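Residue numbers (our numbering): 155 to 611.
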């Protein structure tokens, strides 16, 4: 008797949702990254990936790789969240228990597939993918194997838009030639250690003795990776408790004594926390900076935004506004940044750069704590009033009383160009009009899905 674990991963999820709801973008190299060109790429279509662009890459670099044909689209988190909810609603019809890893991927262990043949697993996976595609229009890939490791590798081999089943008797044959960094849990630091030890493939790691693993990697993590490399993976598929906080912190071998050192440490912790926030699929209202000084006392300070956001620059700017430096608190040995007040619903901001420049503390008399608990007074974030009539941002959702739902393709010099289309219309017509046209209004991005009945449930 044998188990089958499956890993489903929505293909280029953010970019696929953009191409679904804006049919003109289908087949084009889309970068979900914001039209300003700052920050990092949240998602890249497969057409963009052919040029070397990928998620988490600096936007300016990805746009340069793709060239003038690149289409930069501002992220629309409410649309992605809605699409994700519908996908997992479909999955829940077929699987009693699944382990959702992020907004676009999950592990499954369907009871109906216990002791099934590889062909039966392939058929089941293709039927699920077809149902998701039929109801949402979105592509997905599924990998299957005897454990999570094999399922995860299988979904990578299945991409794009396919199924890859690793038969139990062939799993080591498929696993061992792969680069060792394909092993789940091998990050940059562990990868560097393995490379230094001459370990290039998963098979190289599996061939080591337990003692050699302890010398090369040390600790419990090294043994866990070694067991995975040898094909042992009995981890259960179970619902994950939803995180209340996402954080990252680093202790430095030498105390930080200058402002530039502290700035670099803050950016490092904030960037890592932001990557985890993106993976989680929610936004944060509260930013907390944690410092541990050379005398080992800890101070935490928090600032709360009036809305949840996943915008990296807004969150980083907020962290800087509550940061303290060595000339105030003495040498610093640990810097951490955490995001809490996590919410699925994010506010769309017409001009996000405003929130990155006008965040101002209304109180500077902070109290310091000596525990690891985030505390202290809140910091109010003062935002400008709503943009003036006639001001539009590229890729913004709009509605025209005569032409329907669309999105802004460009604006300037008193004019705005709009592409009128949704998921249901196919590639739409384009029209230019005066920017102050009284019939043109900002629109709810969710309307681009055109899932009226489902969204009203």
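Backbone N, C-alpha and C fix where the C-beta goes; we use that ideal spot for every residue, glycine too. Small disclaimer: the values here were computed from a predicted structure and weren't measured.
Contact under 7 Å by Cβ, residue i with residue j
i: residue 272; j: residue 319; result: yes
i: residue 332; j: residue 356; result: yes
i: residue 101; j: residue 581; result: Within the shown structure, residues of the chain are numbered from 155 to 611, placing residue 101 beyond reach of any answer.
i: residue 302; j: residue 261; result: yes
i: residue 559; j: residue 601; result: yes
i: residue 187; j: residue 169; result: no
i: residue 441; j: residue 425; result: no
i: residue 612; j: residue 430; result: No information on residue 612 is available, as it lies outside the stretch 155 to 611 that the chain covers here.
i: residue 497; j: residue 394; result: no
i: residue 372; j: residue 256; result: no
i: residue 586; j: residue 605; result: no
i: residue 244; j: residue 286; result: yes
i: residue 200; j: residue 166; result: yes
i: residue 488; j: residue 403; result: yes
i: residue 329; j: residue 577; result: no
i: residue 296; j: residue 266; result: no
i: residue 370; j: residue 351; result: yes
i: residue 185; j: residue 226; result: yes
i: residue 234; j: residue 171; result: yes
Cβ distance (whole Å) where residue i is taken to contact residue j below 8 Å
i: residue 194; j: residue 212; result: 6 Å
i: residue 359; j: residue 383; result: 4 Å
i: residue 378; j: residue 339; result: 7 Å
i: residue 196; j: residue 229; result: 5 Å
Residues sharing a beta bridge with residue i, DSSP
i: residue 254; result: 260
i: residue 551; result: 561
i: residue 162; result: 260 and 296
i: residue 581; result: Its beta-bridge partners do not exist; DSSP assigns none.
i: residue 588; result: 569
i: residue 476; result: Residue 476 pairs with nothing; no bridge assigned.
i: residue 456; result: 442
i: residue 497; result: 437
Closest residue to residue i among the options (Cα-Cα distance)
i: residue 292; options: 345, 162 and 386; result: 162
i: residue 270; options: 157, 203 and 361; result: 157
i: residue 490; options: 459, 452, 480 and 481; result: 452
i: residue 562; options: 463, 418 and 595; result: 595
i: residue 473; options: 438, 484, 482 and 497; result: 438
i: residue 483; options: 493, 447 and 470; result: 447
i: residue 579; options: 564, 567 and 603; result: 603
i: residue 322; options: 309, 299, 593 and 329; result: 299
i: residue 209; options: 419, 432 and 555; result: 432
i: residue 232; options: 226, 240 and 225; result: 240
i: residue 246; options: 282, 296, 402 and 275; result: 282
i: residue 610; options: 346, 570, 236 and 572; result: 236
i: residue 189; options: 217, 324 and 337; result: 217
i: residue 385; options: 337, 554 and 406; result: 337
i: residue 471; options: 443, 494, 485 and 480; result: 443
i: residue 421; options: 459, 467 and 555; result: 467
i: residue 176; options: 597, 575 and 249; result: 575
i: residue 417; options: 478, 215, 460 and 465; result: 478
i: residue 557; options: 460, 571 and 565; result: 571
i: residue 480; options: 222, 415, 398 and 592; result: 415
Quick check on the DSSP output: what are the complete alpha helix (DSSP H) runs of length 4 or more inside the segment 167 to 250, in order along the chain? 167 to 175, 200 to 203, 213 to 220 and 231 to 248
Taking the runs of the alpha helix (DSSP H) that are 4 residues or longer, which of them lie wholly in the segment 284 to 370? 302 to 312, 325 to 329, 342 to 350, 356 to 360 and 364 to 370
Extract the residue ranges of the beta strand (DSSP E) inside the segment 367 to 436, only unbroken runs of 3 or more that lie entirely within it. 399 to 410
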